[in-house]
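Heads up: the protein sequence lines correspond to chains D and G, in order.
For the first sequence, the working numbering gives the first residue as 21, with consecutive numbering after it.
For the second sequence, the working numbering gives the first residue as 21, with consecutive numbering after it.
Everything below concerns the one structure shown next.
Number of protein chains: 2
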Amino acid sequence: MRATVLHAPRDIRLDEVADPQLVHDTDAIVRVVASCVCGSDLWPYRGIHPPAHPVRIGHEFVGIVESVGAGVSTIAPGDFVIAPFMYADNTCLLCRHGVHTSCPQGGIWGRPDRQGLDNDGGQGEIVRVPQADGTLVATPTQPDQAMVAHLLTLSDVFPTGHHAALAAGVTAGSNVVVVGDGAVGLSAVLAAKRLGAASVIAMSRHEDRQRLAKQFGADHVVAERGKAGAAQVKEMFDGIGADHVLECVGTKESMEQAIRSARPGGRIGYVGIPHEAVIDLPTMFGRNIGIGGGVAPARAYIEELLPDVLAGTVRPGDVFDLTLPLDRVADGYRAMDERTAIKSMLTV
Amino acid sequence: MRATVLHAPRDIRLDEVADPQLVHDTDAIVRVVASCVCGSDLWPYRGIHPPAHPVRIGHEFVGIVESVGAGVSTIAPGDFVIAPFMYADNTCLLCRHGVHTSCPQGGIWGRPDRQGLDNDGGQGEIVRVPQADGTLVATPTQPDQAMVAHLLTLSDVFPTGHHAALAAGVTAGSNVVVVGDGAVGLSAVLAAKRLGAASVIAMSRHEDRQRLAKQFGADHVVAERGKAGAAQVKEMFDGIGADHVLECVGTKESMEQAIRSARPGGRIGYVGIPHEAVIDLPTMFGRNIGIGGGVAPARAYIEELLPDVLAGTVRPGDVFDLTLPLDRVADGYRAMDERTAIKSMLTV
C-alpha cells in the first residue's frame, strides 16, 4: 500500500510500504476513505521537531473496516468508521473519566506503541487500528460522499473545538471569544454556538476565515490582535471582557491575548499545543482567571457530536477548503504551510 | 487609637495613630473586636517584599459599628460586622459576577485607595471602612464571645479555603487532596467536607496540624511531600490521582506537588499567592489538568458560610491556636513566623 512518510523538513512523500496485518486480536484493518492534514502535522514538517528518521504521519481518518481480530465484537467488516486521533480501550478508569488521551492502552497513530510495535499513520491507504472496539465509532449506515468531510472532522478538529468550549465552561447563553482562526479555532466557534453560546467573537485578520467563522455562527469578528484586540473584546463584552475564552493556537502571543481578553473570574479553554506558551500566574491569580483543556479526548465526544453531524445541523466539514487525492499529499501540506488553505482533505 | 505598623522586616509595633474619621458618606467607622495575622502578612514581615516606609498592616477583622456616613443604609451603629479582606461596592458588574476582589471601587486594608487616600489596617483598634454597605456583613444578633473566632475566619481564611474547593470543582462525593497544612489548607479541608467531599487527603508532616485536619474532617493524612507524597496520593485514589487538588501554599514545590497529585482530567484550585510558582504547561496540556482560583472574593461567600458558622455545624475558628491581646501583636507574628502557631488571633 501507499502511505505518507515525512523524510525531512518539507520533504514529505507518498511511499510504497508493506500492507498492515492484524497483530493483536483486538486489532482491525481499515481501508482509509479520507484523511487530512492537521496544524500539528506542520510542526515536524517545518522542522520545529524534525524527525530523526523517516516517519509515518497523519492521525485523522475515516474508512471502511476490512477485517477484525478475534477479540473485536462491536466493529465488523464493511462498517464505515471514524478513528479519533488517539486510540484507546474506552473501558479503563481514565477512559470512563473521559480522558481517553491518557488511556494506558492508548497511543497515537504513526508512532510506536508502548511495546515498540509500529503503528500506521492516518495519511495512507490502510491502517491497522489497535483497540478497535474502544477506538472506532461506526456510523449507523453508509454515509454518502458529501457527508465524508463532515465525519472526518470528528477525528480531531471538531471535538477539539468542542473540548476548548467545554473546558472554558461554555453553556447556553455564554459570551465567548475565540483566539485563533485556524481550523481548530473555527471549529471552536461552531462548537460554542452548538452549545448555545449567545455571543461569540472570532478573532481573525483573514477575510476567508472571517467568512467561515460567520458561517459557523460567529456573531462578531475582531481583526485586531494582541493588546488592541483584547481591548476591543473587553469593550464589546460590557467593558470587562469575556466570560469564556477559547485559546486555539498555543503560542506565547495567543496565550497572552487569551488572558487579556478574559474578564476577572473568567475561564480559558486551551487546545493549541503549547509552543513556548507560558502562563503569567500572578496575573491569573489576581484576576481569578482559570484555565483548562489540553489534548482533546476526541473519542469521548464522537457519540455526542455524531447525530448533529449526520442530521446536517452542523457542517464542520466546511473547514476543508482544499481536497486532493492522497498522491498529492505534499501539495496539501504546502498549501497549509503557506496558509493558502485552512485545512486539506486527502481522498483515497 | 493604637494600630499595628510594620516598620521594617521583623520590626512590628503597636503605635499610637490618629483616630479614623468618616471621609466619604459611604464610609463606616468600626471598633475592632478581634483581628488576626495572615500567612500573607508574613511576606513583608520576613522582608520578602520589605516596606519602603512604615505601613499599617492586617486585613482580617470583626467589630462593632460606631458610626456611618449619610449614604450608608444597610449597616447601623451597634451592628456586629464581618469585614472581608478586601472592600468592594457589591453592586458593580464584577461584584455581581462574584469577583469582589476586582471591584473598581474596591481595595485592600492598609493601602492607599485609588485616589491616594490612606486606609486603616485591620490589626488596630478602629478602622474606617469604605463602601460600608457593600463591604460589611452584619450578624443577625450580637454573637457571644466564643463565636467571635469563628466569625473572624469569615474575613479571609475560611472563604479562601472555600474558594479553593469551588475553583477545583469540589461537590458532593468528590475525592480531594489538599496541599498545604497552614491555616488556609486546613480551612480548605473543612470547606471541602462542608461541600460534601467523600474523601479528603490532607498533606501534612506536623502532628498538631494533622490533628486539626482530621478534626476538620480529613479522611486521610499523607506525611510525605513532593514526588513521594504525590505517588501516595495517586495510589490512594484508584492509582490515578485526585479529581480535585486544593493548592494552598503558592510555592514552586507546592504547585509541582499539586500537579503531580492530580489525575489526568483533574482540576486544581489554587489560593496560595504565587511566589515563584510556575505551571508546566506542556505537562498540564498532555494530562488535561485544569487550574482555577486566585485571590479569594471572600465577600461573595460570607452570606453562604455564615449560617453554618452561627449554627456551629462548622468550627473554622479552631484554626486559631494562639490568642493574644492586640498589644502583643509582635508575639503573634513571631509565633507564626517560627511556626509555633498555626494562626494568631488578636483581641482588642
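The beta-carbon is built from N, C-alpha and C at its ideal position, and this holds for glycine as well.
Here the structure is a predicted model, which means the values were calculated and not measured.
Alpha-carbon spacing of residue i relative to residue j, whole angstroms
i, j, result
"A13 of chain D", "T94 of chain D", "The question about residue 13 of chain D has no answer here: the residues shown for chain D are numbered 21 through 368."
"P294 of chain D", "M167 of chain G", "50 Å"
"H117 of chain G", "Y321 of chain G", "12 Å"
"R399 of chain G", "T24 of chain G", "Only positions 21 to 368 of chain G appear in this structure, which leaves residue 399 of chain G out of reach."
"A211 of chain G", "G200 of chain G", "14 Å"
"L139 of chain D", "D357 of chain D", "Reading the sequence as shown, one finds Asn at residue 139 of chain D and not Leu. So the two alpha carbons sit approximately 25 Å from each other."
"I84 of chain G", "L114 of chain G", "28 Å"
"R307 of chain D", "T121 of chain G", "8 Å"
"A282 of chain G", "M275 of chain G", "11 Å"
"D263 of chain D", "G286 of chain D", "4 Å"
"R280 of chain G", "V197 of chain G", "11 Å"
"R245 of chain D", "L266 of chain D", "15 Å"
"P160 of chain D", "A108 of chain D", "21 Å"
"E80 of chain G", "V43 of chain G", "21 Å"
"A250 of chain G", "A278 of chain G", "8 Å"
"Q165 of chain D", "G193 of chain D", "35 Å"
"V53 of chain G", "V177 of chain D", "59 Å"
"C112 of chain G", "C123 of chain G", "7 Å"
"A208 of chain G", "I32 of chain D", "54 Å"
"I362 of chain D", "R354 of chain D", "11 Å"
"V37 of chain D", "M21 of chain D", "6 Å"
"V157 of chain D", "V147 of chain D", "15 Å"
Below-8 Å beta-carbon distance, residue i vs any chain D residue
i, result
"H117 of chain G", "yes"
"I279 of chain G", "no"
"L232 of chain G", "no"
"I68 of chain G", "no"
"M167 of chain G", "no"
"A212 of chain G", "no"
"I293 of chain G", "yes"
"L113 of chain G", "yes"
"M106 of chain G", "no"
"V298 of chain G", "yes"
"V315 of chain G", "yes"
"P284 of chain G", "yes"
Exposure label - residue i; buried when at least 16 CB within 10 Å
i, result
"D45 of chain D", "exposed"
"T191 of chain D", "exposed"
"P1 of chain G", "The shown model of chain G, from 21 to 368, leaves out residue 1 of chain G, and the question about it has no answer."
"Q151 of chain D", "buried"
"G98 of chain D", "exposed"
"E227 of chain D", "exposed"
"Q230 of chain G", "buried"
"A218 of chain G", "exposed"
"P142 of chain D", "Reading off the sequence shown, one finds Gly at residue 142 of chain D, where the question assumed Pro. By the neighbour-count rule (16 or more Cβ atoms within 10 Å), G142 of chain D is buried."
"G289 of chain D", "buried"
"E390 of chain G", "The shown model of chain G, from 21 to 368, leaves out residue 390 of chain G, and the question about it has no answer."
"A96 of chain G", "exposed"
"D347 of chain G", "exposed"
"D39 of chain D", "exposed"
"A90 of chain G", "exposed"
"A248 of chain D", "exposed"
Chain G contact for residue i (CB, 8 Å cutoff)
i, result
"N308 of chain D", "yes"
"P122 of chain D", "Before going further, note that residue 122 of chain D is Ser rather than Pro in the sequence given. It does: the Cβ of S122 of chain D has a partner Cβ on chain G nearer than 8 Å."
"A248 of chain D", "no"
"D258 of chain D", "yes"
"M356 of chain D", "no"
"R131 of chain D", "no"
"L301 of chain D", "yes"
"R287 of chain D", "yes"
"M304 of chain D", "yes"
"G193 of chain D", "no"
"I128 of chain D", "no"
"S311 of chain D", "In the sequence on display, residue 311 of chain D carries Ile and not Ser. With 8 Å as the cut-off, I311 of chain D counts as an interface residue toward chain G."
"A187 of chain D", "yes"
| query | Between the segment 249–256 of chain G and the segment 227–235 of chain G, do at least 3 Cβ pairs fall closer than 8 Å? | reply | These segments do not touch.
| query | Looking at C-beta atoms only, is the number of pairs between the segment 22–40 of chain G and the segment 55–72 of chain G that lie closer than 8 Å three or more? | reply | Enough Cβ pairs lie closer than 8 Å, so yes.
| message | For the segment 328–341 of chain D against the segment 132–139 of chain D, do three or more pairs of beta-carbon atoms, one drawn from each stretch, fall closer than 8 Å, so that the two count as touching? | response | Contact fails: fewer than three Cβ-Cβ distances are below 8 Å.
| task | Could I get the ranges of all uninterrupted alpha helix (DSSP H) runs contained in the segment 218–253 of chain D, with 4 residues as the minimum, in chain order? | result | Within the segment 218–253 of chain D, the alpha helix (DSSP H) runs of at least 4 residues that lie entirely inside it are, in chain order, 227–235.
| At least three beta-carbon pairs within less than 8 Å, the segment 181–190 of chain G to the segment 301–320 of chain G | Cβ pair count under 8 Å is three or more, so yes.
| said: So within the segment 159–218 of chain D, which uninterrupted alpha helix (DSSP H) runs reach at least 4 residues, ignoring any that extend past its ends? | reply: Listed in chain order, they are 168–172, 177–187, 203–214.
| message | For a minimum of 4 consecutive residues, which ranges assigned as the alpha helix (DSSP H) are wholly contained in the segment 32–108 of chain G? | response | As summarised for the segment 32–108 of chain G, the continuous alpha helix (DSSP H) elements at least 4 residues long and confined to that stretch are 62–65, given in chain order.
| said: Threshold first: 3 residues or longer. Then list the beta strand (DSSP E) segments lying entirely within the segment 270–325 of chain G, N to C. | reply: As far as the segment 270–325 of chain G is concerned, its whole beta strand (DSSP E) runs of at least 3 residues are 282–290, 310–313.
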